[in-house]
Every structure is written in structure tokens, then in C-alpha cells.
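Under our numbering, think of the first position of the sequence shown as 31, with each following residue one higher.
Step one of this worksheet: look at the structure below.
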Amino acid sequence: LLLGQAVRGQPGMWRGPISAVHMVKYSDQRRLDPIKIVKSLAFQIAIRVGSAARYVLSLDPKRVAALADVEQAFALLLRPVLVAIKEPIFLLFDALDEGDPPEQYDAEFHGSVKACGNLVLSLVIKHLAAQLPDHVRFIFTARPDAVGGDVQNVLRRTFPGVRFLEPRQLRKSASASGAPEDPNKVLLIDTVVNECGLRGDAKVMADLEAERAKLGGAEDIRLLFKVYSAVFEKGTPRSASDSDKRMRQDLLSVLMDAQEPLPHAMLQQMGLGPALQQLP
31 LLLGQAVRGQ PGMWRGPISA VHMVKYSDQR RLDPIKIVKS LAFQIAIRVG SAARYVLSLD
91 PKRVAALADV EQAFALLLRP VLVAIKEPIF LLFDALDEGD PPEQYDAEFH GSVKACGNLV
151 LSLVIKHLAA QLPDHVRFIF TARPDAVGGD VQNVLRRTFP GVRFLEPRQL RKSASASGAP
211 EDPNKVLLID TVVNECGLRG DAKVMADLEA ERAKLGGAED IRLLFKVYSA VFEKGTPRSA
271 SDSDKRMRQD LLSVLMDAQE PLPHAMLQQM GLGPALQQLP
């Protein structure tokens, strides 16, 4: 495997390339915090490489916990670990687009892109790409409309020679005829339809086909939103009262605004606990 894997039954043993992964998520502030990202990457490398583990364990825990500056965190935790390792190292950042400021998610957004608004990308450009040796390699995933549609140009300037791939180039064609797959196909749509049991619902599938027809036969993010709506509607009990539906809506609003997972006890105190059972 490109990113290596742990050896089953042998704690601390790693087979294959050394790697660390960060999954960006717009609704979780912890995954958008550059200092927490640095700490996470350093921890992952440490559990794969003995010398990195010894270095990290030699640090003063209070000093590490008190880090409040990205440059200091990078200089203390990550740079010494990665520079000392001479083998190829892969750092994977998934969903760079989810680091964009929330206002840029709107399909109608036509304003100027905020400088350094994507803190994850800023960390990559200012610290990781600029200060790490060549044996550290990067893999990114992102929607093409990230950074106001300029994400590819940003990566080209940062990583000369960067190679771009589309999802269809990374998987075997699902077509039995071997026909080329639509390059604009949103792969997540089929995944949600199949995994959430929508495929066998004739009415839901008819509604989705009607929505696809409105979009001129194309698949884009609007159709995905329609699929998610169908999941929630299918998961709503017929007996659900208006108050139950309002509680579920309130719960979703709270979870989205919180920007991090909330304890179950807190949701119970807010009177939203029963709504958890209504979520699909």
C-alpha cells in the first residue's frame, strides 16, 4: 500500500512507506486548527518510527500543551522528526476544500477569496512545503472549486511538477461495457444511494431521476443534496409529530453551529437528546 500499514499483532511495527494522514472537516474546528494538525502528524510519525517516538517522548509535556504559535509548534514537534528520517515520507491531506471559510461554500459566492482564509492550506504552504526536505511527499484531495476555484494554481505554485488526478482515474470503471466514465460524475451519490437503502425505493429513485433531468442529465452537488434530503425523509417515522421534526431540526442546527462533537449529556441538558433517535 502507498501509505503503509500497521503489522497486525505487533504493536509499534509498521510495514511499508512512512505516512501520516489528516482529514479536514469544515464542521470540526479541531481539524482546522494548524497547531492540532502539527501535533497529530507528529504523533502519527512517532508511532511508526522509533527514533521519532523517543524524540517526542523526551519533550516537556507542559511545553507541548502550552504551544500557541504555529511556527513554534512546527519547529518543536514536526520539523525535527521529519528532517531526521531519511526514508520517503508521505503526508496525506484529505478534503482541502473543507478548510475554506464557510461563506465560500455557497454556490452563489462571487466575492474575493480571503487571503490565508484556508488555515490548513496556509500551514501547508508556509511551513510544510517551505521548510521540509524533498523526501517528504504530499498527497492532497480537494474539490476543484476550492480556494475560489484556484486550488490547482495554488498547488502548482507551491509544488512545481505536481500531478493532478480525477477520481475516475483511481478506480476501475463501473461500466460493464467498458465505456469511459463521466468525468463530472459525483461518486458519492451512488455510495449514499446504495448504502442508505434508497436504491430499492421506486419513488425516491423516480424523484432523483426527475431532479437529474432538471439539471440536464448532469450530476453535481445539487443532486447530492437532494439525495441527502431523501435519506432524512426516508428516516423520518410517519408518526413523527411537528414538534419532533422541529426538535430534529434544532438538533442539526446545534450540531452544525458547535463546530465540534458535543457530549451526549450536554444534548440531554438542552432537551435535544430524544432527537438523536430520529437521525438516520
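For glycine and all other residues, C-beta sits at the position ideal for the given N, C-alpha and C.
Note that the structure is a prediction, hence the values are computed from the model and not measured.
- Note that the C-beta distance between Leu149 and Gly178 is not below 8 angstroms.
- Judged by DSSP secondary structure, Ile169 falls within the beta strand (DSSP E) whose first and last residues are Val166 to Phe170.
- The closest CA to that of Ile155, considering only Pro132, Val184, Lys69 and His165, is found on Val184.
- Non-local beta-carbon contacts of Gln59 in its own chain, meaning distances under 8 angstroms to residues more than five positions away in sequence, involve Gln289 and Glu290 in chain order.
- Here the alpha carbons of Arg242 and Phe255 stand approximately 12 angstroms from one another.
- Of the candidates Ala76, Gln298 and Leu297, Ala76 places its Cα closest to the Cα of Leu112.
- The alpha carbon of Val261 has as its nearest neighbour, out of Asp280, Leu238, Arg167 and Lys116, the alpha carbon of Leu238.
- Rounded to the nearest angstrom, the gap between the Cα atoms of Ala50 and Ser88 is 21 angstroms.
- Residue burial is scored here from C-beta neighbours: Ser271 has fewer than 16 other C-beta atoms within 10 angstroms and is therefore classed as exposed.
- Val257 is the residue among His157, Lys233 and Val257 whose C-alpha sits nearest the C-alpha of Thr221.
- For Asp220, the enclosing alpha helix (DSSP H) covers residues Leu217 to Glu225.
- Pro197 has its alpha-carbon roughly 15 angstroms from the corresponding atom of Gln182.
- Annotation: the continuous beta strand (DSSP E) that includes Met53 extends over Ile48 to Met53.
- Taken through DSSP and simplified to helix, strand or coil, Ile77 comes out as coil.
- For Phe262, the enclosing alpha helix (DSSP H) has its first and last residue at Ile251 to Lys264.
- Our two residues, Gln298 and Glu263, have alpha carbons roughly 24 angstroms apart in a direct line.
- Going by DSSP, Asp99 is part of no beta strand (DSSP E) at all; its letter is neither H nor E.
- About 7 angstroms separates the Cβ atoms of Asp250 and Val216, confirming a contact at the 8 angstroms cut-off.
- Under DSSP, the beta-bridge partners assigned to Ile119 are Ile48 and Val166.
- Counting only the Cα atoms, Arg167 lies some 7 angstroms from Pro118.
- Membership of His157 in any alpha helix (DSSP H) is not indicated, and neither H nor E is assigned to it by DSSP.
- Leu200 and Ile48 have their C-alpha atoms roughly 21 angstroms apart.
- In this structure Arg61 is buried. Its beta-carbon is surrounded by 16 or more other beta-carbon atoms within 10 angstroms.
- Between Ala72 and Val54, the CB-CB gap reaches or exceeds 8 angstroms.
- Residue pairing for Asp124: DSSP places it in a beta bridge opposite Met53.
- Pro64 and Leu153 have their alpha carbons spaced roughly 6 angstroms apart.
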